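The numbering of the sequence shown is numbering that gives the first Met the number 0, which starts it at 0 and goes up by one. Yeah, the Cβ is synthetic: ideal placement off N, Cα and C, and Gly gets one too. Quantities reported herein were computed from a predicted structural model and do not represent experimental measurements. To start, the structure under review is shown below, and the notes come after it.
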Amino acid sequence: MKKIWYTAKELIEISGLPSSPQGVNLMARREGWECRKKRGVQGKAVEYLLDSLPEEIQSQLILSDQSIDYVPQRPDPFQIWKAVYYQLTEDESSKIVTYILREGLSALLIQIETNVAPRDHFEEPTEGNEDNCTKTK
């Protein structure tokens, strides 16, 4: 949520405004900035609405608050996998599925972790050589 109310104490650090809270309050009264009593404090503390401040001040405050709004989102691994899978050619996706079915997903993960290149492809199993998957040339 973007911040839209600022106290005089927060505004003294902005260039173009007085350097004391009293000076900011005086300028605010003179220029008619919209204000409200600050919540949760006793006394006369007030906050000023961002939209009622001069444009130059608004720009500075918006720029200084932008870093607060950034929240990185972790991409869903399944969505990444789907995007990658659908970019593969039919032959590539067939090889990956065949490899996973024959060797198992754990074998693929081991190869990824150890940076071992997977075999290019396997000959189709025929009767009697189901366990003998050898590289074809």
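At least 8 Å separates the beta-carbon of residue 98 from that of residue 49.
Taking 8 Å as the cut-off, the beta carbon of residue 13 is found closer than this to the beta carbon of residue 56. 8 Å or more divides the Cβ of residue 46 from the Cβ of residue 29. Annotated three-state conformation of residue 88 is coil, per DSSP. In terms of Cα proximity to residue 54, the closest of 16, 108, 96, 87 is 16.
Per DSSP, the continuous alpha helix (DSSP H) segment holding residue 23 begins and ends at 20-30.
Annotation: the continuous alpha helix (DSSP H) that includes residue 8 extends over 7-10. Around the CB of residue 27, 16 or more other CB atoms lie within 10 Å, so the residue is classed as buried. At a Cβ-Cβ threshold of 8 Å, residue 51 and residue 32 count as neighbours.
In the displayed model, residue 35 falls within a strand according to three-state DSSP. Distance between residue 93 and residue 71, taken at the CA atoms: about 34 Å. Membership of residue 48 in the beta strand (DSSP E) is indicated by the continuous run 45-48.
Within the model, the alpha-carbon separation for residue 77 versus residue 88 is close to 19 Å.
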